[in-house]
Each structure stands twice: as C-alpha cells, then as structure tokens.
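Visitor: From first to last, the protein sequence lines are chains A and B. Under UniProt numbering, the first sequence has 261 at position 261, and the numbering climbs by one with no breaks. Under UniProt numbering, the second sequence has 301 at position 301, and the numbering climbs by one with no breaks. We put the beta carbon where it would ideally sit given N, CA and C, even for glycine. Input: one structure, supplied below.
There are 2 protein chains.
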Amino acid sequence: MTFGAIEAGGTKFVCATGSGPNDLQRVTRIPTTAPDETLTAVLDFFQAHSSPLRALGIGSFGPINPHADSPAYGRLLNTPKARWSNVDIIEPFQALNCPVAVDTDVNAAALAEYVWGAGTDVDSLLYLTIGTGIGGGFVVDGTPHHGLLHPEMGHLRVRRLEEDTFDGLCPYHGDCLEGLASGPALEARVGTQPEKLPSDHPIWSIHAQYLAQACATLIYVLSPERFVLGGGVMQQKHLFPRIRHHLRQELAGYVDLPRLTSDLDSYVVPPHLGDRAGVLGALHLAQRKALESHSQVPSHEHLSEHD
Amino acid sequence: MTFGAIEAGGTKFVCATGSGPNDLQRVTRIPTTAPDETLTAVLDFFQAHSSPLRALGIGSFGPINPHADSPAYGRLLNTPKARWSNVDIIEPFQALNCPVAVDTDVNAAALAEYVWGAGTDVDSLLYLTIGTGIGGGFVVDGTPHHGLLHPEMGHLRVRRLEEDTFDGLCPYHGDCLEGLASGPALEARVGTQPEKLPSDHPIWSIHAQYLAQACATLIYVLSPERFVLGGGVMQQKHLFPRIRHHLRQELAGYVDLPRLTSDLDSYVVPPHLGDRAGVLGALHLAQRKALESHSQVPSHEHLSEHD
C-alpha cells in the first residue's frame, strides 16, 4: 500500500503518492483558487489513483491548528488568503477512508530534512523558508514543535539597516523579517523579478544581512543542531556564503562551538531534498500517522535514519 | 531520603535539600568566588547534612554542557566569569555518592514553574529571567530544550528605540537585548540602583518596550503556552502591564488566539514560585535523575501535576 502527500501552499497544492525520496510518484500541481474548487481537484487526484491509500499527510500554509487532539485539528485560522479562513483542510479527505495527518508546510519540510535530508546525523533541525513568505519549522528528537499554535518565525523583528528606506510589506507588522526580506519584498525594492538580478546587485547584500540577523536570533533562541535555508529566494546560491559571513559577525564568537564558528559551512545549508522537502515531509506525516494508528508507537523510530 | 539542589549563579550558589515547594529545607547562600573555594563550601554544606542524598540537581549559569550523554556533561564552556571557564561542575559532587544532574539555571526555573508553578495547566512554558543577565529556559512536554548546546535567548537583537542613545553593555554584542535591558544596563543608564527609581521614571518605558519586543520575537519563534518573566528587574511589578501593552502592539493581532490578545494578563505572568524557582528546579532535576537511574522511566510523568 502507498501513502498520499499534499504540500498545500498559497499558490499551488503539490500532490503525490509513494513511500519516500526514492519512490515519489505522480507528482502533480493544482492551483490554489477557491477552497471548494482546489480541495475537490485534490481529492479527485487521489481518488483517480488506483489503489487505496494507507494514510494521507498534509503540510499546509497557516495559521492552522496542528494539534491532533484538538476538535479543530486541521482547521485554518484567520489568514490573509481570505477565502481560506476557517476552512477545514482534513474534512474533504475523509472520503479516502484513511487516517489523515496535518502539520505546517515548514514543519513538514523540517521533518523531511531531518529524516531523509540534511539532518540525518543530528537530533534537532531548523528549516527556514524564504519565498513568498518567510516561515520556520523545528524538529527536536523527531517531533515537530507546535506549542500554543505553531511558530510564526517569519514575523520576528530585525534591526533596520541605516541605508534601508523600504517600508516593508507585512500587512500586520510592516517591516518585520517577512516584510523586509521575503521574495515579494525583494521584488518591490527593485521593481523586477529577483531571479533576473545579477548576483552582485547591492540588494543581495541587504537581504543577506537581514537574513543573517534572523539566523542569529533563531540560533540564540532554538539552538538547532543544523540550520536549513530553503524556499525560492535561497535558489540564489550566492546568498549562502553572504549569510554565513554576516552570521559570523552577528554571533561574534559568543557561543564558542565549532559549528557556529569554523564549521558554519556545514551548519547553515540548503535543503538536501531541494524543492521536494515539503511534499516529502507530508509523505512522512502520513507514514507516522499510519504507524500511530496501527500501534501507538512513536513512528520516527521506525522510519528515520537517526540510529 | 531527601534530594539536594544547587542554583549556581554568578554571584551566589543557593543550596537546599528537600522534596518540593512545601518541603524546601536548609536553604543556604554561598558566595561565588574562585571555583575551588565555592565548590568546596557547597560540598561541605551537603556533607554536613546528616542523611545521604538520593540525588543532586544543579541549575547552573552557562554556557554549560547540559547533555547527559556527553563526556563533557556538566562542564562550563568559555564564560566571561574567567576563572570558571572549563570547570567541571559535577565532578566535586561525586564525593556524595549519588546521581548528579545538571541543566541551565533558566531551564531549571522553567521546569519548576512547569511542574509546580505557573505552568501546571499547559504543555509548554518559557521562562525568561531579567536580572544581572537575561536568559531563557523552555520546557515542552516536560522536557527542557537544549539543542546544539542550550538557548542563549538574552543575546537576540532588538530594534533600537530612536530616542535611545545608550551603547549597551554586552561585551560580545554591545546592544543586544541583554546589553540594552539587563539590570546593569538599567543602572548604567540612570547612574543609580534601579530599585530606587520611581515607577514613573521614563527609563521603565524604554525597558518595557525592549522587553516587549523580545517577548514578541520569542512568541513567534517558540509559541509557548505560557510565558513567565522572572529575575530581579521583574520585581518591579509595574513592568508587567507595560510589557503586555507594548507586546499587544508588537503582535498586532497577527496570531488571533485569546491568549495572545484578550487574555494576555494570564499569559505573561510572574513566576508563581518567586525567587525559589531556580533552586526548586534544581531539586526537580535531582528527582528526575533519581527516577531515571532507578527505572529509566520518564520522570515527569510521576512528579508533575500535568494530569
């Protein structure tokens, strides 16, 4: 039997079936439009699949209730994507007659990197995505962190650079990290698509400094054993050495550990799973859910490469 | 049999024996001087106690290795308290012939509040202390968070207020949170002891704004279910409503949950255990260690009030 995976994003839902990085099948993108339309198309995708699913995992944009023991599990909260507020993202898939698990898209990506990617040799991993929005997922000992709801790391405040006069784009906070350093912020600053800019354009230095500041704060608060930077903006590979350079300055040697000083190149890394981290994380959520439903034993012990 | 507890701080070691908040005995303060001198005096305290200890718990200033499976468990790293760099804080207590557990002072305080104080009704609790330094401890599902080493939350960057010209006191970062908003920073700004200032002194508003900024960042990153603010500076109770006021502005309703909007008064709270949180947390570390050594069963299930 196979597992189903959905990476539910603000512009598209990526759907797939399979059992892992070497067995990811029928990867299909469905545009995010009205909830009914999108969710029906996604359900059709899985129903058209010949064999029944063992379980379905969803890594979703948020804010969403990720607490499996809550009556509102899988329900979106108020979101700027207005039509999606209060949508129950699990309910339509009850028709598949299999267990369904939901977490945030970034927790799913963090989980996939922890289990199959950049984090197979560590016990805690932070995944920060810098794209249309900025968000972070955090896994410790195989468990994605939720807390009260789930982290919203993209909205932490950074210190403005003196030369930067851009107001910021966040509808809530103006110039929080996401407001200053997301993909749309990049585009608004320069009036063109970021991927068309040369790598020596001065805007990259500004973005690298904001991202390095955020990385330093996240390291001070979470102390992850590995730090993965993903998302569309990080396709600009020249950002990695820039961010590491500024991060080293931000940390100023305060925590005197090799990973945070001499070994930063292997500490702050791109996702090993590339842009498949999200959908693979959703797949792993499904696998954990199936094991949980079957045996109540923590699933990551059976599926991860951490031993 | 009884348990031993040490809250190891930069100015004093608080030692006690007992079994919980209603049974905390022989609380004794020993000044922090040279490592040999201090640790010998602390050992004498416990050896003078008539009955043998079941286990000893230490909540220590840092940076310190808190990983029980590491050969360097209980060893301090480079610290501005120069003579204490590389000191092994467990080794002298082998003479007591009982299991010894170490965590950070702030994780110990977070644990005590989680088990016996402000967090008995939640699954995750953040404890931020604002005193000589600023530091944070975080407990999720009964487990204190460590990661790579342990968090150093006091060193996150805040955005400077325009009217603030103070350079900041952190030897590493200058004007990080600790550099701008610790007790010594308060004192350096006004040239007198903070506790002598009237509650309407303008300095309190500046500090409340920095602390609220830090609280917002910590909420975005950790999403704790309860947020405890302790330490000497927070003895100024008028800071609580000020911080909540600015925090509400910082969050700007982005995460639309009652605890972060209408119910902030019961979300950001003082420690229920007052200044005993640290030493009680150390006591609980000892109890967990004893249970672990005895049965390998997660101890918090037996000792906490979370059921």
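Check whether the segment 50 to 65 of chain B touches the segment 274 to 282 of chain B, counting contact only when three or more Cβ pairs, one atom from each stretch, lie closer than 8 Å.
Guide: Judged by Cβ distances under 8 Å, the segment 50 to 65 of chain B makes contact with the segment 274 to 282 of chain B, as three or more pairs qualify.
Visitor: Please classify Asn107(B): is it buried, with 16 or more other beta-carbons within 10 angstroms of its beta-carbon, or exposed?
Guide: Buried is the call here.
Visitor: Given that Glu152(A) touches chain B, what residues does it touch there, using C-beta distances under 8 Å?
Guide: Going along chain B in sequence order, the residues near Glu152(A) (Cβ under 8 Å) are Tyr220, Ser223, Tyr254, Val255.
Visitor: Arg159(B) lies in the alpha helix (DSSP H); which residues open and close that run?
Guide: Careful: Arg159(B) lies outside any alpha helix (DSSP H) and carries neither H nor E.
Visitor: Terminal residues of the continuous beta strand (DSSP E) containing Gly137(B)?
Guide: Residues 134 to 140.
Visitor: Pull up the DSSP beta-bridge partners for Ser60(A), would you.
Guide: Answer is Ala8(A), Thr104(A), bridged to Ser60(A).
Visitor: Check the C-beta distance from Val122(B) over to Arg226(B) and give it rounded, since I have them as a contact under 8 Å.
Guide: That pair is a contact at about 5 Å.
Visitor: Put Thr17(A) into one of helix, strand or coil per three-state DSSP.
Guide: Reduced to three states, the DSSP call for Thr17(A) is strand.
Visitor: Show which residues of chain B have a CB atom less than 9 Å away from the CB atom of Tyr172(A).
Guide: Simply Leu251, Ala252, Gly253, Tyr254.
Visitor: For Arg21(B), would you say it is in contact with chain A, using Cβ-to-Cβ distances shorter than 9 Å as the test?
Guide: Looking at the sequence provided, one finds Pro at residue 21(B) rather than Arg. It does not: the Cβ of Pro21(B) has no partner Cβ on chain A nearer than 9 Å.
Visitor: Does the Cβ of Ala82(A) have 16 or more other Cβ atoms within 10 Å, making it buried, or fewer, making it exposed?
Guide: Under this definition Ala82(A) is an exposed residue.
Visitor: Taking its Cβ as the centre, do 16 or more other Cβ atoms sit within 10 Å of Gly253(A), making it buried, or is it exposed?
Guide: Gly253(A) should be labelled exposed.
Visitor: Using a cut-off of 9 Å between C-beta atoms, extract the partners of Gly10(A) located in chain B.
Guide: Near Gly10(A) there are no residues of chain B at all, since even the closest Cβ is about 16 Å away, more than 9 Å.
Visitor: Please compile the residues from chain E whose C-beta is within a distance smaller than 8 Å of the C-beta of Leu156(A).
Guide: Here the protein chains are A and B, and chain E is not one of them.
Visitor: Can the beta-carbon of Ala181(A) be found closer than 9 Å to that of Ala214(A)?
Guide: Yes, the Cβ-Cβ distance between Ala181(A) and Ala214(A) is below 9 Å.
Visitor: For Ala72(A), count neighbouring Cβ atoms within 10 angstroms of its own Cβ and tell me buried if that reaches 16, exposed if not.
Guide: Flag for Ala72(A) reads exposed.
Visitor: Could you work out which residues of chain B lie near Gln213(A), taking near to mean beta carbons separated by less than 8 Å?
Guide: Residues of chain B passing the Cβ test: Arg157.
Visitor: Check the Cβ of Ser124(A) against every Cβ in chain B and list those closer than 9 Å, keeping chain order.
Guide: Simply His145, His146, Gly147, Leu148.
Visitor: Is the separation between the beta-carbon of His150(B) and that of Pro63(B) shorter than 9 Å?
Guide: Closer than 9 Å, so yes.
Visitor: Would you mind telling me which residues of chain A sit closer than 7 Å to Leu77(B), beta carbon to beta carbon, in chain order?
Guide: In chain order: Asp256.
Visitor: Judging by CA-CA distance, which residue of Arg157(A), Asn65(A), Cys176(A), Asp175(A) is the nearest neighbour of Thr104(A)?
Guide: Residue Asn65(A) is the option with its Cα nearest to Thr104(A).
Visitor: Considering only residues of the segment 179 to 239 of chain A, which uninterrupted beta strand (DSSP E) runs meet the minimum length of 3 residues and lie entirely inside it, listed in chain order?
Guide: Runs found: 226 to 230.
Visitor: In whole angstroms, give me the CA-to-CA distance for Glu113(A) and Val100(A).
Guide: C-alpha separation (whole angstroms): 21 Å.
Visitor: Answer with buried or exposed for His246(B), where buried requires no fewer than 16 other C-beta atoms within 10 angstroms of its C-beta.
Guide: His246(B) should be labelled buried.
Visitor: Tell me, please, whether the segment 34 to 41 of chain A touches the segment 84 to 98 of chain A by the rule of three or more beta-carbon pairs shorter than 8 Å.
Guide: They touch, by the three-pair rule.
Visitor: Beta-carbon within less than 8 Å of His67(A)'s beta-carbon, same chain only, minus the 5 sequence neighbours each way: which residues are those?
Guide: Cβ within range, chain order: Tyr73, His146.
Visitor: Return the CA-CA distance between Pro21(B) and Leu161(B), expressed in angstroms with no decimal places.
Guide: If you take the alpha carbons of Pro21(B) and Leu161(B), they lie about 41 Å apart.
Visitor: Flag this pair as yes or no: are the beta carbons of Val255(B) and Ile130(B) separated by less than 9 Å?
Guide: The answer is no: Cβ separation not under 9 Å.
Visitor: Identify which residue in Leu111(B), Leu148(B), Leu39(B) has its Cα closest to the Cα of Ser70(B).
Guide: It is Leu148(B) whose Cα lies nearest to the Cα of Ser70(B).
Visitor: To the nearest angstrom, how far is it from the Cα of Gly257(B) to the Cα of Leu229(B)?
Guide: A quick correction: the sequence has Leu, not Gly, at residue 257(B). Their backbone Cα atoms lie some 20 Å apart in a straight line.
Visitor: Using three-state DSSP, classify Gly119(B) as helix, strand or coil.
Guide: Coil.
Visitor: Return the Cβ separation of Leu218(A) and Gly136(A) in integer angstroms, given the expectation that the two are a contact with Cβ distance under 8 Å.
Guide: That pair is a contact at about 7 Å.
Visitor: Which residues in the same chain have their Cβ closer than 7 Å to the Cβ of Gln193(A), if we skip the five residues on either side of it in sequence?
Guide: Excluding sequence neighbours, Gln193(A) sits near Glu187.
Visitor: For my contact list, Ser205(A) and Arg242(A) are in at a C-beta cut-off of 8 Å; report their separation, rounded to the angstrom.
Guide: Indeed they touch by this definition, with Cβ atoms about 7 Å apart.
Visitor: Excluding sequence positions up to five away, which residues of its chain have a Cβ less than 6 Å from the Cβ of Gly9(A)?
Guide: Within the same chain, Gly9(A) has close Cβ partners Phe61.
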